[in-house]
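Chains as they are written, first to last, in my numbering: chain A, 1 to 115; chain B, 1001 to 1112.
Backbone N, C-alpha and C fix where the C-beta goes; we use that ideal spot for every residue, glycine too.
Only a predicted model underlies this, so the values are computations on that prediction, with no experimental measurement involved.
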């Protein structure tokens, strides 16, 4: 079974703090994704990575950065947390598409509250 | 602009009856569609998918229907069970493309 783990289930930070959200997958997947989930808006893609040290912006990258130094680990960084970044953050991974479709496997999520 | 839309934020159904969840999309390049189920405090889990070469895919109590001309898909759950109570997201993607587009979700409540 694919396992995607996220470093924290719940996190409370103050405005202006630098925040690191960590995600690890154990299935040697090339692709990794960071989403945020907000009521009425569904899952919105922040960033994704298709290989080590490679990244691409998703739909809402502003205020975020990412790091992928190892294949199994994908970090989301909030350089200076703001209250509008209070959300549920979900990490996912998948194989690279090579003539097929590959489902994404999700971690349990991190509920981040910025005060 | 959202390319995948779920216009019903919630749905309530009696146990044993049919649940029908709907999803619309705007991008005609989408050719693969998925449904994910999400319980509170857990990540979404894959439920069922359909390729655009089909108009129906069935897996046990779950059936997904695709109407390409209307750019519409639906998930049918028959019979509905209380354990089906969750948020359901539909998602769409293109062949050889790694990015999924998700709808806003429909919260299903199945009453005993």
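Kindly say whether residue i, judged by its beta-carbon, lies nearer than 7 angstroms to any beta-carbon of chain A.
i, result
"residue 956 (chain B)", "The requested residue 956 (chain B) does not occur in the structure, where chain B is confined to residues 1001 to 1112."
"residue 1105 (chain B)", "yes"
"residue 1040 (chain B)", "no"
"residue 1062 (chain B)", "no"
"residue 1033 (chain B)", "no"
Under DSSP, the beta strand (DSSP E) around residue i begins and ends at which residues?
i, result
"residue 24 (chain A)", "19-25"
"residue 42 (chain A)", "42-51"
"residue 38 (chain A)", "31-38"
"residue 73 (chain A)", "73-78"
"residue 70 (chain A)", "64-70"
"residue 1011 (chain B)", "1010-1014"
"residue 56 (chain A)", "54-57"
Taking residue i as the query, report the chain B residues whose CB atoms sit under 8 angstroms from its CB, ordered along the chain.
i, result
"residue 94 (chain A)", "1098"
"residue 48 (chain A)", "1098, 1099"
Interface residues of chain B around residue i at Cβ under 9 angstroms?
i, result
"residue 45 (chain A)", "1099, 1100, 1101, 1102"
"residue 63 (chain A)", "What residue 63 (chain A) touches in chain B: nothing, since even the nearest Cβ is about 20 angstroms away."
At 9 angstroms on the CB atoms, spell out the chain A contacts of residue i, in chain order.
i, result
"residue 1043 (chain B)", "4, 6, 90, 91, 92, 105, 106, 107, 108, 109"
"residue 1011 (chain B)", "Within 9 angstroms Cβ-Cβ: nothing; residue 1011 (chain B) doesn't reach chain A, min ~15 angstroms."
"residue 1030 (chain B)", "The premise fails here: residue 1030 (chain B) is roughly 11 angstroms from chain A at the closest Cβ pair, so nothing lies under 9 angstroms."
Does any residue of chain B have a CB that is nearer than 7 angstroms to the CB of residue i?
i, result
"residue 84 (chain A)", "no"
"residue 42 (chain A)", "yes"
Along chain A, which residues have their Cβ under 7 angstroms away from the Cβ of residue i?
i, result
"residue 1082 (chain B)", "Going along chain A, no residue has its Cβ under 7 angstroms from residue 1082 (chain B), so there is no contact; the nearest lies around 22 angstroms."
Those runs of the beta strand (DSSP E) which lie wholly inside the region 1020-1081 of chain B and span at least 3 residues
1032-1038, 1045-1051, 1056-1059, 1062-1067, 1072-1077
Is the region 67-84 of chain A touching the region 1006-1014 of chain B, taking contact as three or more C-beta pairs under 8 angstroms?
no
Any contact between the region 38-50 of chain A and the region 1010-1026 of chain B? By contact I mean 3 or more CB pairs, one from each, below 8 angstroms.
no
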